[in-house]
Structure formats: structure tokens, C-alpha cells
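Shown next, in C-alpha cells, is the structure this report addresses.
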Amino acid sequence: MRSSTTRRIATLAFSAWLVAPIPARPQQVIDLPAEDRWLDLEFEDVYRLGTLTSADWEQFGNVADIGFDGAGNLYVFDIQAQRIVVAGPAGEFVREFGREGEGPGEFEEAHGLAVMRDGRTVVTDSRRLVFNIFQANGRVERTVRMDSTQLLVRLGTFVAQPGADAIIAVPSASDELLPRGCCELPPPVSSHAIERIELWGDEAEADTMAEGWLPEIDSRNAMAAARRVPEIARVLPVLPSIFPELHRAFRPGFHWGVLPDGSVAFADSSTYTVRIATGESGVLRLLRRPIQPEVVTNRLMRSEKRRRMAELQAKAKPGEDLRDERERIDNLEFHPVVPVIRGLATTWNGHIWVLRRGEEPLSDGPIDVITADGRYLGSYRAGAMAIPDAFGPDGLVAFIERNELDVQTVVVRRLVGS
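Taking my numbering, the leading residue of the sequence shown gets 58, the next gets one more, and so forth.
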């Protein structure tokens, strides 16, 4: 399932502005243990794709997304080549499909991939504004139109919903957009709406499963940016995540994943709170651990400003004018506390991995393993592993990595004892 860590994926999500009311229902609150119980971590290497000695079929230009089906096949979306490559459970070549073009099964601009458990796939085309649905054998099944009435199509991560012809997306949390030369801007967003997008008809239909908190932006820097570039004032309320430099420092992110029963786990606050939501009932359950967020002091503010200044200087080109960027850092606004949660992912068998912060405010810490019904299974120690880019059946996990030559490879491992 999808991890919503800081990793940036260029995929497309249909953006619907009709937010359906969700009936109120009492929420169950489960308090998880405070004490960590450490888990041993054992991996078996299964295969690697894209190494220097690999075959031609597994040489990739830019791996934008990966995902497993129920048979353990891995699907790799190479956005540069506009193709999807399928590798079998042992890393053998199975098939590839898709290419740039205007015919059936071809893309004008493929932007994202979601893999269904039965082997079907959903590939978005951001020029044609369609969802392409492919059969498990790679042949075209059908296309479904997106909404084409908006000036901006919001881009972001989307995930197949198990057991349904649907995907789940959070358009407001996306960090890309596709400008169009017609129509209107969507209305401003005030929350992170988790949308279920049905793909069974000729045109996609979206409804809202739940809504998460959308923190305030950095108002001083947003006003300054809008004075320099007036268009920002129009786009920022519609798609705030596309301007990360205008967010308050230590602002909590929006982290989410889809569970095997089609429900969603998400974290949207500075506290250790994971919410479980379904399309029928909204948020039904809150899972909490008594880990308190750190208060942002003047010392932390000074330290973060120094860190950003150093990073700015290190990335600057010779002679580059940095006055605007330095002013932005000087005027930086801060969220009052440092978030406890830095990432969240859901596994094939329904476990929820929660990445906590580490010793430093922006460092990664342990990964907790919990369940949607409120059990704490234990934690992997900080640094033991990163959250995988894809989870598969039978303990399979996949990571997108870069080798010593900065070339992308895909590494598949198996978690022993999972």
C-alpha cells in the first residue's frame, strides 16, 4: 500500500469539489501502550532491477511508482519511458505495456500508476485527462474520463482500493498541478479530503470518505510571495501543498494509507493519533500513544533558521541573489510543537507502520507496527530500515534506491517472520 512519507511521487488524482456529508457516529478511542517493545528485523534479498549488469528491459530512466499484485508480481512505472514493466516473483521478466503515442494503450503523458490485487492497473494520462485501466495481461480494458471543467487539475498520490473498481486519493495534499487553458479554479480547500474515486462508469465519480486537518500556512511569507508573484495569491488557497516554502516550520504533514478492507488510516496532527476511516461512517476509531510533541522554543527556532540558511547557501549557484530567500527564512513562522509522526504506511496484511520523529526535530526515529483494531505489535529501532515504497504479499517489500552512479534501482526483499 501507499506510503505518504516525504517521498515525492509524480502521479495524478482526480479532483472533485463536491464534499458529501458524512453521518456523525461516536468514535472509539484506543490508547496504545507507552513503552516501546522492540522487534527484530530480518530481511531476505529477493532480487534487484536496474543494476549496471541488468538486461535491457530492466534499465529505467525515472521510476515514478511501483506496486505489487496478489501473485507477487512487481509493476514498475518508468515515467521517462512512459512504460510499465512487470517482474515476476523471482525478478524474471513477465511483460511490459504502455508507450508514448495516441493509440489504444498508449499515453500522451502518463503520470501515475495504481496496481490492483487481481493484476489490473490504473494509469493516468494528464493530457487526455483519463484513467486508463489495463487487464492483468497488459491489454487495454477501458478508459474513464476525469473531470475536465477545472482550470487546474490537482496532482498527487493515488492508491487502488482493494475489492473495488476505485482508487483513493487526497488531492489537497498533492504537490503538483496541471494548468489548463479554460474553465475555473476549484474552490479554496480548508481540509484534507480523502476521496474515493469510482472508475466503473464512463466518467469518474468521487465522494469523500473523511476529512483531515489542514494547518495554517506561513501568512507573512505568503503575503510577501504574492506581492512578488500575484498568481500565487490565486493558486495557494486551492493547492497549498505545492508551495512547501510557504508552510510554517514544523507544520504536521498529512500521512495516509489504504487497508485491505478498503478503509483508510491517516495521521493529520502533531500528536500521536492515527485515525481509521471508512466511506460509510467517516472516522470510526482513534489510535493513540502517550508520546508528547516537543514544544517549539526560541532555541529551536534559531536552530532551524540556521539550518535552513546553511542549506540555502550550500545549494546556491555562484553569484546567485539570495536576498528574497534569506528574508523568507528570517520571517519564518513556526508551528507551536514538533510533530511526533513523520510518516505512515499500510502493509499488504493490514498492519500500519508509523514513523516517529528521531532525536532531532526533522530526523527519522523508530517505526511502530500497529493494527487498525488497536493492537500495538512492537517497534523497529531508529535506523533499522526506511518505510518501503511498496508492500506485497508474503512479506515482500520494495524500495526505490540510487546506486553509486546516481542511477535508480528497485530492490525487492522479504521480511522474514512477517
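The beta-carbon is built from N, C-alpha and C at its ideal position, and this holds for glycine as well. Computed from a predicted structure; not experimentally measured.
ask   = What whole-angstrom Cβ distance do Pro272 and Pro317 have, given they're in contact under 8 Å?
value = Reading the sequence shown from its first residue, position 215 is the one you call residue 272. Reading the sequence shown from its first residue, position 260 is the one you call residue 317. Contact flag wrong, Cβ pair sits at about 30 Å.
request  = Work out the CA separation of Arg459 and Tyr132 for me, nearest whole Å.
outcome  = Within the sequence shown, numbered from 1, the residue matching residue 132 stands at position 75. Within the sequence shown, numbered from 1, the residue matching residue 459 stands at position 402. If you take the alpha carbons of Tyr132 and Arg459, they lie about 18 Å apart.
message = Can you tell me whether Met442 is helix, strand or coil according to DSSP?
response = Taking the first residue of the sequence shown as position 1, residue 442 is located at position 385. Met442: coil per DSSP, three-state reduction.
Span of the beta strand (DSSP E), counted from its first residue to its last, around Gln85 = The sequence position of residue 85 within the sequence shown is 28, counting from 1. Element bounds for Gln85: 85-88.
ask   = In or out: Asp113 buried (at least 16 other Cβ within 10 Å) or exposed?
value = Counted from its first residue, the sequence shown places residue 113 at position 56. Asp113 is exposed by the Cβ-count criterion.
key: the segment 257-277 in contact with the segment 300-307 per 3-pair CB rule at 8 Å   = yes
Gly376 versus Arg363 - alpha carbon distance = Taking the first residue of the sequence shown as 1, we reach residue 376 at position 319. Taking the first residue of the sequence shown as 1, we reach residue 363 at position 306. Computed Cα separation, rounded: 21 Å.
inquiry  = With H, G and I counted as helix, E and B as strand and the rest as coil, what does DSSP make of Leu369?
reply    = Translated into positions along the sequence shown, residue 369 becomes position 312. If DSSP states are grouped into helix, strand and coil, Leu369 belongs with the helices.
ask   = Going by beta carbon distance, what residues of the same chain come within less than 6 Å of Glu134, once the five residues before and after it are set aside?
value = Residue mapping note: residue 134 aligns to position 77 of the sequence shown, counting from 1. Per the sequence presented here, residue 134 reads as Phe, with Glu not at that position. These residues qualify, in order along the chain: Ala121, Asp122, Ile141, Leu170.
key: Ranges of the beta strand (DSSP E) found wholly within the segment 111-135, counting only runs of at least 3   = 120-125, 131-135
message = Does any residue of chain C have a CB that is nearer than 8 Å to the CB of Ile427?
response = This model lacks chain C altogether; it includes just one protein chain.
message = According to DSSP, Thr335 sits in a beta bridge with which residue or residues?
response = What you label residue 335 is simply residue 278 of the sequence shown in a count that begins at 1. Bridge partners of Thr335: Gly339.
task = Note down the Cα distance separating Asn388 from Arg356, rounded to an integer number of angstroms.
result = Taking the first residue of the sequence shown as 1, we reach residue 388 at position 331. Taking the first residue of the sequence shown as 1, we reach residue 356 at position 299. When rounded, the distance between both Cα atoms is 16 Å.
ask   = Should Ile444 and Gly400 be called a contact, given that it needs their Cβ atoms to be closer than 8 Å?
value = The residue labelled residue 444 in the question sits at position 387 within the sequence shown. The residue labelled residue 400 in the question sits at position 343 within the sequence shown. Their beta carbons are under 8 Å apart, which means Ile444 touches Gly400 by this criterion.
inquiry  = For Asp126 and Asp378, I'd like the C-alpha separation in whole angstroms.
reply    = The count along the sequence shown starts at 1 and reaches residue 126 at position 69. The count along the sequence shown starts at 1 and reaches residue 378 at position 321. So the alpha carbons of these two residues sit roughly 49 Å apart.
query = How is the alpha helix (DSSP H) around Ser326 delimited, first residue to last?
reply = Residue 326 sits at position 269 when you count from the first residue of the sequence shown. Segment: none, Ser326 is in no alpha helix (DSSP H) and carries neither H nor E.
message = Count Cβ pairs between the segment 287-298 and the segment 323-340 that sit closer than 8 Å; are there 3 or more?
response = no
inquiry  = Quick check on Ala447: buried or exposed, where buried means 16 or more other Cβ atoms within 10 Å of its Cβ?
reply    = Here residue 447 corresponds to residue number 390 of the sequence shown, with the count starting at 1. Looking at its Cβ environment, which holds 16 or more other Cβ atoms inside 10 Å, Ala447 is buried.
message = Using C-beta distances below 6 Å, list every residue in its chain close to Glu461, excluding the 5 sequence neighbours before and after it, in chain order.
response = Stepping through the sequence shown from its first residue, residue 461 is reached at position 404. Cβ neighbours of Glu461 beyond the five flanking positions: none.
ask   = Can Gly158 and Val201 be called in contact, C-beta distance under 8 Å?
value = On the sequence shown, residue 158 is found 101 positions in, with the first residue counted as 1. On the sequence shown, residue 201 is found 144 positions in, with the first residue counted as 1. Not in contact: Gly158 and Val201 (Cβ atoms no closer than 8 Å).
query = Roughly how many angstroms separate the alpha carbons of Ile427 and Ile409, rounded to a whole number?
reply = Residue numbering aside, residue 427 sits at position 370 when the sequence shown is read from its first letter. Residue numbering aside, residue 409 sits at position 352 when the sequence shown is read from its first letter. In a straight line, the C-alpha of Ile427 is about 5 Å away from that of Ile409.
Boundaries of the beta strand (DSSP E) in which Asp182 is found, first to last residue = Taking the sequence shown and counting its residues from 1, the one referred to as residue 182 is at position 125. Here the beta strand (DSSP E) through Asp182 covers 178-182.
ask   = From which residue to which residue does the alpha helix (DSSP H) around Arg385 run?
value = The residue you call residue 385 lines up with position 328 of the sequence shown. Element bounds for Arg385: 380-387.
query = Among Val151, Met266, Pro423, Pro228, which residue has its Cα nearest to the Cα of Glu337?
reply = Here residue 337 is taken as the residue at index 280 of the sequence shown, counted from 1. Closest by alpha carbon: Met266.
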